[in-house]
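Student: Quick note, the sequences are listed as chains B and G, same order. Residue numbers for the first sequence follow my numbering, beginning at 227 and rising by one. Residue numbers for the second sequence follow my numbering, beginning at 227 and rising by one. Beta carbons: idealized from backbone N, C-alpha and C, even for Gly.
2 protein chains.
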Amino acid sequence: MTKDDAVTDWKAIRRDVLANIQSGQWQPGSKIPREIELAERYGSTRSTVGRALRDLADAGFLDRKRKGGTTVAANPMRKAPLDVPILRDAITKAGHRPGYRLLHAKLQCAPADISAALAQPPGVKLLYIRALYFADDRPHQLELRWLVPEMIRGLGPDHWATSPVDEWLLCNAPLTRAQIEIESIALSDALARLFEQPSGSPSLLITRVSWKDAAPLGVLRLYHAPGHRLRTAI
Amino acid sequence: MTKDDAVTDWKAIRRDVLANIQSGQWQPGSKIPREIELAERYGSTRSTVGRALRDLADAGFLDRKRKGGTTVAANPMRKAPLDVPILRDAITKAGHRPGYRLLHAKLQCAPADISAALAQPPGVKLLYIRALYFADDRPHQLELRWLVPEMIRGLGPDHWATSPVDEWLLCNAPLTRAQIEIESIALSDALARLFEQPSGSPSLLITRVSWKDAAPLGVLRLYHAPGHRLRTAI
DNA sequence: CAGTGGTCTAGACCACTAG
DNA sequence: TAGTGGTCTAGACCACTGA
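#1: Determine the burial state of G:Glu261: buried for a count of at least 16 other Cβ atoms within 10 Å of its Cβ, exposed for fewer.
#2: Indicate whether B:Ala336 and B:Leu352 have their beta-carbon atoms separated by less than 9 Å.
#3: Quick one: Cα of B:Leu328 to Cα of B:Pro424, how far?
#4: Using the rule of at least 16 other Cβ atoms within 10 Å of the residue's Cβ for burial, across every protein chain shown, is G:Lys229 buried or exposed?
#5: Between B:Ala404 and B:Val435, how many whole angstroms is the CB-CB distance? I'm expecting something under 8 Å.
#6: Tell me where the beta strand (DSSP E) around B:Trp372 begins and ends.
#7: Whose C-beta lies closer than 6 Å to the C-beta of G:His385 among residues of the same chain, with five residues either side of it excluded?
#8: So, helix, strand or coil for G:Asp235, using DSSP?
#9: Just how far apart, CA to CA, sit B:Pro452 and B:Ala412?
#10: Counting Cβ pairs, one atom from each stretch, are 3 or more of them under 8 Å apart for the stretch 358-368 of chain B and the stretch 244-263 of chain G?
#11: With respect to 8 Å, is the separation between the Cβ of G:Leu368 and the closest non-hydrogen atom of the ligand MG below this value?
#12: Tell me whether the stretch 303-315 of chain B and the stretch 238-254 of chain B touch, counting them as touching only if at least three CB pairs, one residue from each stretch, are closer than 8 Å.
#13: Is G:Arg447 closer than 9 Å to G:Leu431 when the C-beta atoms are compared?
#14: Is there a C-beta anywhere in chain G that falls below 9 Å from the one on B:Leu431?
#15: Around the Cβ of G:Leu288, are there at least 16 other Cβ atoms within 10 angstroms (buried) or fewer (exposed)?
#16: Considering only C-alpha positions, which residue in the set B:Cys397, B:Asp415 and B:Val275 is nearest to B:Arg379?
#17: Have a look at the DSSP bridge pairing and note the partners of G:Ser410.
#18: Of all the options G:Val298, G:Ala331, G:Tyr449 and G:Ala441, which has the alpha carbon lying nearest to the alpha carbon of G:Asn246?
#19: For the stretch 363-384 of chain B, which residues have a beta carbon sitting closer than 9 Å to at least one beta carbon of chain G?
#20: Excluding sequence positions up to five away, which residues of its chain have a Cβ less than 6 Å from the Cβ of B:Met227?
#21: Any beta carbon of chain B sitting closer than 9 Å to that of G:Asn246?
#22: For G:Thr433, count neighbouring Cβ atoms within 10 angstroms of its own Cβ and tell me buried if that reaches 16, exposed if not.
#23: Among all the DSSP beta bridges, which residues are the ones paired with G:Lys438?
#24: What in chain G is Cβ-close to B:Arg403, meaning under 9 Å?
#25: Between B:Leu417 and chain G, is the shortest Cβ-Cβ distance under 9 Å, so that the two count as touching?
#26: Which partner residues of B:Ala459 appear in the DSSP bridge assignment?
#27: Grab me the residues of B:Val275's own chain with a C-beta within less than 7 Å of its C-beta, minus the 5 sequence neighbours each way, in chain order.
#28: Examine chain B for any beta-carbon lying closer than 9 Å to the beta-carbon of G:Ala278, and answer yes or no.
#29: Helix, strand or coil for G:Val350, going by three-state DSSP, please let me know.
#30: Do G:Ser414 and B:Pro428 count as a contact pair if the criterion is CB distance below 9 Å?
#31: Give me the Cα-Cα distance between G:Lys305 and B:Gln248, rounded to the nearest whole angstrom.
#32: Would DSSP call G:Ala361 helix, strand or coil?
#33: Cβ closer than 7 Å: which chain G residues qualify as neighbours of B:Ile312?
#34: Within 9 Å (strictly less), CB to CB, does G:Pro347 reach chain B?
#35: Can you pull the chain B residues whose beta carbon is under 8 Å from the beta carbon of G:Gly426, in chain order?
#36: Express the C-alpha separation of B:Ala416 and G:Gly349 in angstroms, rounding to a whole number.
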């Protein structure tokens, strides 16, 4: 392996280099040959080898530095992609019939922690939306959302009454940056009732604080029905 | 914006195209100009424009098809990277003093769900390891691990007694593929005792089934101390 | 300062697929 | 089948950074 005879496409080179890493031939922390050298070895060009190595570096398998050369990552922290879907779409894709019920929507003072997360003065009025998403008529996700009014001009009751604000926001005020936290909480009495579950049931809570460029946009708190699992793969 | 005057580096082109998308000038679902056309517009070449567009496609903002052209993704499902760290390193990086205590390590019959997930015959003997990770002497994560013996030849008691198996596996039997599930569970009496928390406390459970190429490697169940949060950003 | 990766070019051919 | 993106080449210059 890793011999000559013109392996000339970048995916093959990527595969071969990765095999050298995963088989232990190229140990973590050690330097691998320069681009030019690999290009000769594979009967290819520097551009093509570079493409393969860049891809492996993006995936976290390699560390590259000018003049320092390319080294096998000491700690290949694999990144698992966790997607941030449109709620209704996600339910449909999972093979269920989606449903949406608006519970509350009003401009009101935000809790201190919310306004703080959005870098807004305490007591500022935000649009607070509470809505329940169903999968096959069973409560699936509870959405609590606080939105900065200035950022959502044009969003009105006619939007949120019938369809998730998700979908309006996507087209009209897309976020450019967000912080996401995932935690496990015990459902309060009120929340448990919504999910038709015993009080204290464990629920997955995702909190997302989002910005459009430098301007804070809103906070989303998404409570999942007990038993729900996030899935991903690497 | 999006005018001529030679914007010739791919990051600038990427930025400009992304701005066109996020400002709503290029609506979700609509086609954007061909590579050659953009290359002329930016005073650049097809390769460079291609680099920018490929990057945006990888990030989920664009859909590209040969002959079909490039369209703005109808549903920009942003991918949040969730990393799969070395446990001890993660604790150190979070600014805590790491600790490790092995609770159990024995070759024994695996539960039916575990052997099924690994495509092993029911009742097969697997190496079962139970260990507790500490952060500043407080229990932080509980690791349950089942490993297929054939895949970990060379791993012995001297390894797992003193240091997390994590670290041996990384160098000697790196996974190439994995399925990950994240859920919220209520701690059983036994687990709650380990975390020094009331029984039934909500805990984040991560289950990872991993393979090396086509061969099943093992199952990891990682229970997090109540209150722990996974964080990521996009 | 010298060596490495990062990027751009101008051109070519190929692979897929919509019409 | 024609048009689009996907890839490769051969070469050049630049930007960073270790020795």
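Tutor: This is what the structure gives:
#1: buried
#2: yes
#3: 23 Å
#4: For G:Lys229, the predicted structure reports a pLDDT of 40, less than 50, and the residue's modelled location is therefore unreliable. The matter cannot be settled from this model.
#5: 7 Å
#6: Arg364 to Leu373
#7: Trp394
#8: coil
#9: 9 Å
#10: no
#11: Looking for the ligand MG in the displayed structure turns up nothing, as the structure carries no ligands at all.
#12: no
#13: yes
#14: yes
#15: buried
#16: B:Cys397
#17: G:Leu430
#18: G:Val298
#19: none
#20: For B:Met227, the pLDDT reaches just 39, beneath the cut-off of 50, and the residue's location in the model is therefore unreliable, although a value from the coordinates is still provided. Hits under 6 Å: none found.
#21: no
#22: buried
#23: G:Ala441
#24: Ala459 and Ile460
#25: no
#26: G:Gln405
#27: Ile239, Glu261, Leu264, Ala265 and Tyr268
#28: no
#29: coil
#30: no
#31: 26 Å
#32: strand
#33: Asn301
#34: no
#35: Ala412 and Gly426
#36: 44 Å
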